[in-house]
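Enquirer: Protein chains in written order, with UniProt numbering: chain E, 1 to 452; chain L, 1 to 452.
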């Protein structure tokens, strides 16, 4: 029973044995011949960064891929049956107008007039302006927009800027990058193997009981609060009142709010804010991370941005934007000029229409997934203003990694166990609506059978 | 005399006043109305990362751009006359075969069959294989190649992996990213304003006296040694013997060598290694950083890679590649799929030919620049196996920032002062060969006049 041992790995938080590269203990020993004065075995005397030793295992999403591949290797006859509702990876082709932005962006590099080399590390001026205008209705200024190769990379750069001494607060469950990069930066202690939480991170439990919105007021103060809405993985979209209370709290406690709005355009409910900057006073306390990935089909194309308001300050009065600018100019070299050309097309009226159509498509999938689990009889969350459906599992399933394994084995559907997003996700399963519609329909059929 | 004060900034290492965003002290004070319970002035209580306060000024290359723009603003009539031999930015269009790789890479994203979303964070398998085969002649394995959005970004990710506790050694002068990211990561103390060096970095002086190759043996041991060959800014390409001695030293001292080979294909002298892995024993001690930027015209397109050998180990025996893989998967999301398609085309036989032609073009420019300064009567270095020419200035010029200003003012040519690359660069000027040939010819004419 292979899956039993897989579950054991999961319980200890994905053990070292599941890492990408299995240590090759025998390598390097044959190299002594190169130099008679060499250090024995040629192992360097460089100490490993202790913060990396704290990380419990591989990053979640590659881990899911490895488990999928392991299953296929054991059951090659099932390879063609696999349907991925796992990582939130877009599947629909890039629509014509946006595509033409990319293609023309590439083509012009072959001409003397159109060629361009290094651009501003912060992004092309026109793209920054269009983001501010089209997406923020000029609530923010172009000079506050930093164009990047994606939200995940920006989160690391934000951590880089804050450095090792801040205390971070995260929703639990949450997108694993917030916690993992906090650990990598040295902000945390070790992971407590009983609670699965790292010391020195504030875990803000999000559950059906609090509408998946964190009760930061009841938690210890943190310097940096990570909040994602519409949420990955729970699919919850925070209301205006919730966000107002969070901004107020951050102002009172002197915290900086890092607001991850990567799924904002999926919001269809009226009155639900699509940006933290719709909230009064947010420009004094919030940074917003954003991305074209999920609704322009840019997951592989790579384009995002971060807004750092000009008035946001550290305790000493220095501007956060100046330090973020230093990270962007020193540790980054601008998003690809071809890709930025695609970003400009996204912000044309035609591009915006195409995006809306793509979102309709994925939200229709989300609806099918919701319906399926309602019919199965499990409580379902998310999937209306977000591309993720978050399913509450009955205790009989035996935890979310067990459910993941069972569904992979019985239905050949890849999901993501809630526990992968933090201890608070245990007992839940995340399903992504980004698959092609016919795959979603087929997956729904099989899921119903699997849970019968 | 505006330039006098500019020189003063330069002497203190580019002061805070030259940063991208001048602090707007008055901002944020008008926001108190948003919430009666707000912290006064709404300044956060988050401490600024102390490592950022140590950074002396803005990153060098944007600083050069700002000075250029300031000059144009003061002398708008000169705007059209400006020739940039400053930052190493490519100017020639991307040749047809490589371009077709990019264009087709974009086009296929518009089709159902060709669409792809997230790829492996380490890069497409085929690209990793082709890099190992075509560029390294299988000296390394595809699994040791990590494809990225460029060498600059990879250097930060390497620092991220090593963490705050290592001691880094750099060539002096050197590409500023090594030092700046060391400071940002907290590896260093403050900058000594008399020597312009940061405490806790080993500066390895490179000068005409030692052929611009560092004498690491005479310096204190470092954990991580950054070595760039062909060198930016000096243009020196290290010989096989020099690299052998460095690898031997790193093995003896247990140091890890980070070898920056971004300019390797510019090497035309027979016998000069294009990769550190041509040196026996290097796979136990070296990481190699590399890039398509400079010879495929990809400075704005963004594609590079880093090789981390599978046998390279930390002191505790753990594999460096595992930790670098953790950074790449957690803090990065893969290079753009469109761009990777262009990278594949670079590695076709046709792409390799196109690259060779581009390099010929730029090396011809370098030759013109060399000749010009030889005629002026200044000693000239580099420019034969590298796209940079490094000119020794006579004392009468009054330092490299003065020379930069004088040349900008008299000849409207943008260069880079050697001092921008570290204290060891004082008294030198770097000129880039990446301009169009007719601009280089014109610049050479004006430079001769300016120095008459």
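Heads up, the beta-carbon is just placed ideally off N, CA and C, and yes, glycines get one too.
Verify whether the separation of the beta carbon atoms of residue 118(L) and residue 299(E) is less than 8 Å.
Expert: In contact: residue 118(L) and residue 299(E) (Cβ atoms closer than 8 Å).
Enquirer: Compute the distance between the beta-carbons of residue 416(L) and residue 64(L), then report whether it is under 8 Å.
Expert: It is a contact, given that the beta carbons lie within the stated cut-off.
Enquirer: From residue 445(E) to residue 270(E), what distance separates their C-alpha atoms?
Expert: Rounded to whole angstroms, residue 445(E) to residue 270(E) spans 32 Å at the Cα level.
Enquirer: Which residues in chain E sit within 8 Å of residue 135(L), going by Cβ to Cβ distance?
Expert: Going along chain E, no residue has its Cβ under 8 Å from residue 135(L), so there is no contact; the nearest lies around 21 Å.
Enquirer: Tell me residue 204(E)'s beta-bridge partners as DSSP assigns them.
Expert: Paired residues: 171(E).
Enquirer: Are there 16 or more other CB atoms within 10 angstroms of the CB of residue 48(E), so buried, or fewer, so exposed?
Expert: Buried, since its Cβ has 16 or more Cβ neighbours within 10 Å.
Enquirer: Determine, using beta carbons only, whether residue 88(L) and residue 387(L) come nearer to each other than 8 Å.
Expert: Yes. Within cutoff.
Enquirer: Does residue 78(E) pass the burial test, meaning 16 or more other C-beta atoms within 10 Å, or should it be called exposed?
Expert: Exposed: under 16 other Cβ atoms inside 10 Å.
Enquirer: Rank 431(E), 288(E), 213(E) by C-alpha distance to the C-alpha of residue 380(E) and give the top, closest one.
Expert: The candidate whose alpha carbon is nearest that of residue 380(E) is 431(E).
Enquirer: What's the call for residue 14(L), buried or exposed, on a 16-neighbour Cβ count within 10 Å?
Expert: Here residue 14(L) scores only 34 on pLDDT, less than 50, and its place in the model should not be relied on; the value that follows carries that caveat. Flag for residue 14(L) reads buried.
Enquirer: Cβ atoms of residue 297(E) and residue 90(E): under 8 Å apart, would you say?
Expert: Contact flag set, yes.
Enquirer: How many Å lie between residue 291(L) and residue 103(L) at the Cα?
Expert: Rounded to whole angstroms, residue 291(L) to residue 103(L) spans 20 Å at the Cα level.
Enquirer: Let me make sure I understand the geometry here. Which of 62(L), 120(L), 83(L), 82(L) has the alpha-carbon closest to that of residue 336(L)?
Expert: Cα-wise, what sits closest to residue 336(L) is 120(L).
Enquirer: Show which residues of chain E have a CB atom less than 7 Å away from the CB atom of residue 256(L).
Expert: In chain order: 44, 46.
Enquirer: Is residue 390(L) helix, strand or coil when you go by DSSP?
Expert: Three-state result, residue 390(L): strand.
Enquirer: Would DSSP call residue 417(L) helix, strand or coil?
Expert: Residue state, collapsed to three classes: strand.
Enquirer: Give the residues of chain E in contact with residue 150(L), contact being defined as C-beta atoms less than 7 Å apart.
Expert: Going along chain E in sequence order, the residues near residue 150(L) (Cβ under 7 Å) are 333.
Enquirer: Closer than 7 Å by beta-carbon distance: list the chain E residues that pair up with residue 314(L), in chain order.
Expert: Under the 7 Å cutoff, chain E gives 44, 46, 47, 48.
Enquirer: Please say whether residue 398(L) and residue 419(L) have beta carbons closer to each other than 8 Å?
Expert: The answer is no: Cβ separation not under 8 Å.
Enquirer: Is residue 366(L) close to chain E? Criterion is C-beta to C-beta, closer than 8 Å.
Expert: No - not a single Cβ of chain E is within 8 Å of the one on residue 366(L).
Enquirer: Mapping the DSSP letters down to three states, classify residue 432(E) as helix, strand or coil.
Expert: Reduced to three states, the DSSP call for residue 432(E) is strand.
Enquirer: Under 8 Å, Cβ to Cβ, is there at least one residue of chain L near residue 106(E)?
Expert: Cβ-Cβ to chain L under 8 Å: yes for residue 106(E).
Enquirer: Alpha carbon to alpha carbon, how far is residue 217(E) from residue 76(L)? Give it in angstroms, no decimals.
Expert: Answer to the nearest angstrom: the Cα atoms are 56 Å apart.
Enquirer: Could you list which residues in chain L have their beta carbon closer than 7 Å to that of residue 219(E), in chain order?
Expert: Per Cβ cutoff of 7 Å: no residues; residue 219(E) is ~16 Å from chain L at best.
Enquirer: Considering only C-alpha positions, which residue in the set 169(L), 255(L), 338(L) is nearest to residue 188(L)?
Expert: When only C-alpha atoms are compared, the closest one is 169(L).
Enquirer: For the alpha helix (DSSP H) containing residue 458(L), name the first residue and the last one.
Expert: Outside the shown range of chain L, which is 1 to 452, sits residue 458(L), and nothing can be said about it.
Enquirer: Counting C-beta neighbours from all protein chains within 10 Å, is the total for residue 375(L) 16 or more, i.e. buried, or is it exposed?
Expert: It counts as exposed.
Enquirer: Check whether chain E comes within 8 Å of residue 93(L), counting only Cβ atoms and requiring the distance to be less than that.
Expert: Closer than 8 Å to some Cβ of chain E, the Cβ of residue 93(L) qualifies, so yes.
Enquirer: Select from the region 141 to 165 of chain E all residues with a C-beta closer than 9 Å to any C-beta belonging to chain L, and list them in chain order.
Expert: Those would be 143, 149, 150, 151, 152, 153, 155, 156, 157, 159, 160, 161, 162, 163, 164, 165, in chain order.
Enquirer: Could one say the Cβ of residue 69(L) lies closer than 8 Å to chain E's Cβ atoms, at least one of them?
Expert: It does not; no Cβ of chain E falls within 8 Å.
Enquirer: Between residue 154(E) and residue 308(E), which are expected to be in contact by the criterion C-beta below 8 Å, what is the C-beta distance as a whole number of angstroms?
Expert: No, residue 154(E) and residue 308(E) are not in contact; Cβ-Cβ is about 10 Å, not under 8 Å.
Enquirer: Beta-carbon of residue 338(L) versus every beta-carbon of chain E: anything under 8 Å?
Expert: Judged by the 8 Å Cβ criterion, residue 338(L) is in contact with chain E.
Enquirer: Where does residue 357(L) land, buried or exposed, given buried means 16+ other C-beta within 10 angstroms?
Expert: When all chains shown are included, residue 357(L) counts as exposed.
Enquirer: So, helix, strand or coil for residue 361(L), using DSSP?
Expert: Helix, per DSSP.
Enquirer: Going by the DSSP bridge assignment, what does residue 140(L) pair with across the sheet?
Expert: Paired residues: none, contrary to the question.
Enquirer: Checking contacts by CB at 8 Å: is residue 177(E) closer than that to chain L?
Expert: With 8 Å as the cut-off, residue 177(E) counts as an interface residue toward chain L.
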